[in-house]
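Participant:
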Amino acid sequence: MSDLSETIALFDKSFDAVLRGDRPRSIAVAVSGGPDSMALLWMLSHRGQTDGFSILAYTVDHGLRAESAEEAAQVGEWVKSWHRVDHHILRWEGEKPDSRILEAARAARYGLMTDDMKRRDIAHLFVAHQQDDQAETFLIRLTKGSGLDGLAGMRPVSELNGVRLLRPLLDIPKSELLLLCQRNNIPYVNDPTNENTDYMRPRLRATQEVLEQEGLSAKRLATTARRLARAKAALEDLSHELFVRACVEEQEEGFLFDYRLLKGAQEELVLRVMQTAMDVLRPDADYAPRMERQEQLLERILRDGVFKSATLGGCLFALDRKNETLWIGKE
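Numbering-wise (numbering that gives the first Met the number 0), the sequence shown opens with residue 0 and increments by one.
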């Protein structure tokens, strides 16, 4: 892309797609002050003039750098005259962890924003993840041995803490967002964390030129993630059908399945039935069990002639060979 009219047209198309026909009176936007989120807010501000919605722009001061409070206030100064934009600073108070700080900061950031949104009865949170972020997510998950679901990347629409998380920039490269800022005099800050090679994302970012020379451009990686997401959606539909057919009894404590139907189905679908049951039974779990452990348990359930029961992720898997049923319940 080089013509910004194409970029804005693509944004408008994605904006309509992620809203799925909703016409909210108010929306929220996560604005760090970086070029991606400032470009997103600028485009939303212009769209808001046409569609008539108001915008609550959140900047979270994590308190992890001495200059973070000043930068958050600076964002507010920059956008105070933007049409239909109301800027709010949220602060991550209290003691900070010594390890996994980025993960903790992310959880705190989304928790602060979604809690405030629910108090204001705002249901849609826009975030500025773009094409390069999607490509990096694909590579990170590839290094961790993720399956199809992980490699499908970030979804344009997802649910988080009871609000809808919307990503309309996943098909737009960062270079276009930078150009949008430059041509429209949109100010922004650069977070030094994005250049800190102690973290994986900046290290992967540093290899971008080499990857592109080998044909692994951000666009191609993001396209691959989108195709995998399409396959994931199809498998989710098929696994849901299997879940409904095979589940012979549903209780608060668990699910009883027809083992014969599970054993005759494709392993990927059975694995997804197991995952769905665990998700329902452990709604507050932060993470699913590692894929390797799920696959090992599936292998035992389907092929180990002496398998009786096992636990995984806080759930009990018990096979009744006489009645040919599999129980998946709370441990």
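Even for Gly, the Cβ is constructed at its ideal location relative to N, Cα and C.
The model shown is predicted, which means the values in this text are computed figures rather than measured ones.
So for Gly75, helix, strand or coil by DSSP?
Facilitator: helix
Participant: Which of the three DSSP states, helix, strand or coil, is assigned to Ser53?
Facilitator: strand
Participant: If you measure between the beta carbons of Ile26 and His123, is that distance less than 7 angstroms?
Facilitator: yes
Participant: Where do the N-terminal and C-terminal ends of the alpha helix (DSSP H) with Ile171 fall, by residue?
Facilitator: Taken as a continuous stretch (DSSP letters only), Ile171 belongs to no alpha helix (DSSP H), as it is neither H nor E.
Participant: Check this for me: beta carbons of Arg140 and Gly146, under 7 angstroms apart or not?
Facilitator: no
Participant: Helix, strand or coil, according to DSSP, for Ser238 in the structure here?
Facilitator: Residue state, collapsed to three classes: helix.
Participant: Among Glu248, Leu261, Ala224, which has the Cα closest to the Cα of Leu241?
Facilitator: Leu261
Participant: Is there contact here, the stretch 106 to 114 with the stretch 64 to 75, by at least three beta-carbon pairs under 8 angstroms?
Facilitator: Output reads no: the stretch 64 to 75 does not touch the stretch 106 to 114.
Participant: Just to confirm, is the Cβ distance from Gln130 to Ile185 under 7 angstroms?
Facilitator: In this structure, Gln130 sits away from Ile185, with a CB-CB distance that is not shorter than 7 angstroms.
Participant: Tell me, please, whether the stretch 240 to 256 touches the stretch 287 to 294 by the rule of three or more beta-carbon pairs shorter than 8 angstroms.
Facilitator: no
Participant: Could you tell me the alpha carbon to alpha carbon distance between Val59 and Ser157, rounded to whole angstroms?
Facilitator: 21 angstroms
Participant: Determine, using beta carbons only, whether Phe125 and Val188 come nearer to each other than 7 angstroms.
Facilitator: No, these two residues do not count as a Cβ contact at 7 angstroms.
Participant: Can you give, in chain order, each stretch of the alpha helix (DSSP H) that sits fully within the stretch 267 to 325 and has at least 4 residues?
Facilitator: 290 to 302
Participant: Asp85 lies in the alpha helix (DSSP H); which residues open and close that run?
Facilitator: Premise fails: Asp85 lies in the beta strand (DSSP E), 84 to 90, not in any alpha helix (DSSP H).
Participant: Given a cut-off of 7 angstroms, decide if Arg200 and Glu135 are closer than it, judged by their beta-carbon atoms.
Facilitator: yes
Participant: Would Ser36 pass as a contact of Ala127 if the rule is Cβ separation under 7 angstroms?
Facilitator: yes
Participant: Hey, how far is the Cα of Met0 from the Cα of Leu177?
Facilitator: Low confidence applies here, because Met0 scores a pLDDT of 45, under 50, leaving its location unreliable and the question unanswered by this model.
Participant: DSSP three-state label for Met0, please.
Facilitator: Low confidence applies to Met0: its pLDDT is 45, below 50, so where it sits in the model is not reliable enough to give any reading.
Participant: Hey, how far is the Cα of Lys321 from the Cα of Leu18?
Facilitator: Using only the alpha carbons, I get a separation of about 50 angstroms.
Participant: Compute the Euclidean distance between the alpha carbons of Val209 and Thr142, then round it to the nearest angstrom.
Facilitator: 17 angstroms
Participant: Is it the case that the CB of Leu138 approaches a heavy atom of the ligand HEM more closely than 6 angstroms?
Facilitator: Only the bare structure without any ligand can be found here, which leaves the ligand HEM out of the picture.
Participant: If you follow the alpha helix (DSSP H) that Leu335 is part of, which residue opens it and which one closes it?
Facilitator: No answer is possible for residue 335: the residues shown for the chain start at 0 and end at 330.
Participant: Assuming Leu63 contacts Ala106 under a Cβ cut-off of 8 angstroms, what Cβ separation, rounded to an integer in Å, is found between them?
Facilitator: Incorrect: roughly 14 angstroms between the Cβ atoms, too far for contact.
Participant: Return the bridge partner residues of Asp257 from the DSSP annotation.
Facilitator: Thr324
Participant: What does DSSP give as the partner residue(s) for Arg163 in the beta ladder?
Facilitator: Its beta-bridge partners are His123, Glu158.
Participant: Could you check whether Arg281 and Gly313 sit closer than 7 angstroms to each other, using their CB atoms as the reference points?
Facilitator: yes
Participant: Is Glu291 closer than 7 angstroms to Leu315 when the C-beta atoms are compared?
Facilitator: no
Participant: Quick one: measure Cβ to Cβ for Lys138 and Leu203, integer angstroms, because I've assumed they're closer than 8 angstroms.
Facilitator: In the sequence as displayed, the identity of residue 138 is Leu instead of Lys. With a Cβ gap of about 5 angstroms, Leu138 and Leu203 count as contacting.
Participant: In the DSSP output, what is Asp60 paired with across the bridge?
Facilitator: Asp60 is bridged to Arg90.
Participant: Is the beta carbon of Met116 sitting closer than 7 angstroms to the one on Val84?
Facilitator: No, the Cβ-Cβ distance between Met116 and Val84 is not below 7 angstroms.
Participant: Between the C-alpha atoms of Ser238 and Gly263, what's the straight-line distance to the nearest angstrom?
Facilitator: 13 angstroms
Participant: Of the choices Leu55, Lys173, Met273, whose alpha-carbon is the least far from that of Leu296?
Facilitator: Met273
Participant: Taking a contact to mean a Cβ-Cβ separation below 7 angstroms, would you say Pro191 touches Phe14 in this structure?
Facilitator: no
Participant: Which residues bound the beta strand (DSSP E) around Gln250?
Facilitator: From DSSP, the beta strand (DSSP E) with Gln250 extends over 246 to 250.
Participant: Classify His82: buried if its beta carbon has 16 or more other beta carbons within 10 angstroms, exposed otherwise.
Facilitator: Under the 10 Å beta carbon count, His82 is surrounded by fewer than 16 other beta carbons and is classified as exposed.
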